[in-house]
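Residue numbers (the working numbering): 946 to 1335. Shown next, in structure tokens, is the structure this report addresses.
Okay, structure coming up:
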């Protein structure tokens, strides 16, 4: 049975968009050359009966309805209340015309969440959207966050479904106005047979700040796409990632960071731990436009392989189109340091315990990038659980 979205202002808005027809990506596509999607050919998403997320969205809106610094509503309602923002930015920060899975998300959604952070507001309470209790086989969430001038927000997405066959396709778009700050964290802890696609698009204006953290554990297949455009002078972005993978899991972290304004900073630190037959990809491109003089950018990818059958493709790329920049990248992949293991063994730790200590130390740099202390505590617990399972 093919699902036809309920007609509302949002679906009417989508119907008027210029939506191309794209084919499933393959190795010939530059951004997918390390990733095989042939397994999706046998998965007919068109046949599923969709359970709209409106009930879940209503609970989320109700939970934070008393925070005066925020206006949280359905995207269907935001079209009427904030028409200029929706028309200017929706599905343009993360461009659907270039992404097959963004188009798929558009095809199957009939609503979404819109979060408006008001001018000069510091939202003390961390905002968390938790999709862990959704047991649908296919979920297509859509989130749009608009951070007004001089605002400050901490926002977390959690994906911890218990559904073994879950297929998730989530698109999040974020606009950061002048002098706004956002700490964004994405937790993924899903069954080993699930499939997870996520797309995050961020547009930064003048003197804005982004601290973006992505934690990935579980799922047979994960693709984390990030497109970040720094469009305002004096802005700073930090992208941090940690993947812990075992069995035959596949994790693909793909990012494009585009500096389109002078005097901006970006840093990227992605780490991975891979065991058994798991595979990982780090494919990141930093583009420095001609106008973006005095750019500072750093890409770093560090990986540990715990098995001879585990592997990683690491591909940091710099594309520099101007002078007067400071840009560098680096990548390391190897096993746990034998000398460090021996040192801990000599101090009474058995091999397994010593390995856990070293792996926790490897993960700690990622955890320390998170400002919110409650998030740090929760993430440490999740990391310990993950490391005990590999």
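C-beta atoms are modelled at their ideal positions from N, C-alpha and C, and glycine is treated no differently.
Open item on the list: I'd like the list of long-range same chain contacts for residue 961, defined as Cβ closer than 6 Å, with 5 residues on each side in sequence excluded.
Closed with: none
Task: Distance between residue 953 and residue 1007 (C-alpha atoms, nearest Å) - done: 21 Å
- [ ] Mind reading off the beta-carbon distance from residue 1080 to residue 1106? Whole number of angstroms is fine, and I expect it under 8 Å.
- [x] 7 Å
Open item on the list: On the CB-based measure, 16 or more other CB atoms within 10 Å of its CB, does residue 1228 come out buried or exposed?
Closed with: buried
TODO: Quick one: measure Cβ to Cβ for residue 1064 and residue 1094, integer angstroms, because I've assumed they're closer than 8 Å.
DONE: Here residue 1064 really is in contact with residue 1094; their C-beta atoms are around 5 Å apart, less than 8 Å.
- [ ] Give me the Cα-Cα distance between residue 1323 and residue 1010, rounded to the nearest whole angstrom.
- [x] Taking the straight line from one Cα to the other gives about 24 Å.
Task: First through last residue of the alpha helix (DSSP H) which encompasses residue 1028 - done: Its alpha helix (DSSP H) spans residues 1028 to 1034.
Open item on the list: Whole angstroms are fine: how far does the CA of residue 1266 sit from the CA of residue 1238?
Closed with: 9 Å
Task: Contact between the segment 1167 to 1184 and the segment 1057 to 1075 (3+ Cβ pairs under 8 Å) - done: No: the two stretches stay apart, fewer than three of their Cβ pairs being nearer than 8 Å.
- [ ] Excluding the 5 residues preceding and the 5 following residue 1118 in the sequence, name in chain order all residues of the same chain whose CB lies nearer than 6 Å to its CB.
- [x] 1038, 1039, 1089, 1146
Open item on the list: Using the Cβ count rule (16 or more neighbours within 10 Å means buried), how would you classify residue 1174?
Closed with: buried
Task: Run of the beta strand (DSSP E) containing residue 1050, from where it starts to where it stops - done: No beta strand (DSSP E) holds residue 1050; the alpha helix (DSSP H) holding it covers 1045 to 1053.
- [ ] Please list, in chain order, all residues of the same chain as residue 1045 whose beta carbon is under 8 Å from its beta carbon, the five residues on each side excluded.
- [x] 967, 968, 969, 970
- [ ] Note down, one range per segment and in chain order, each alpha helix (DSSP H) of at least 4 residues found wholly within the segment 1301 to 1334.
- [x] 1318 to 1334
Task: For residue 972, three-class secondary structure by DSSP - done: Correct three-state label for residue 972: coil.
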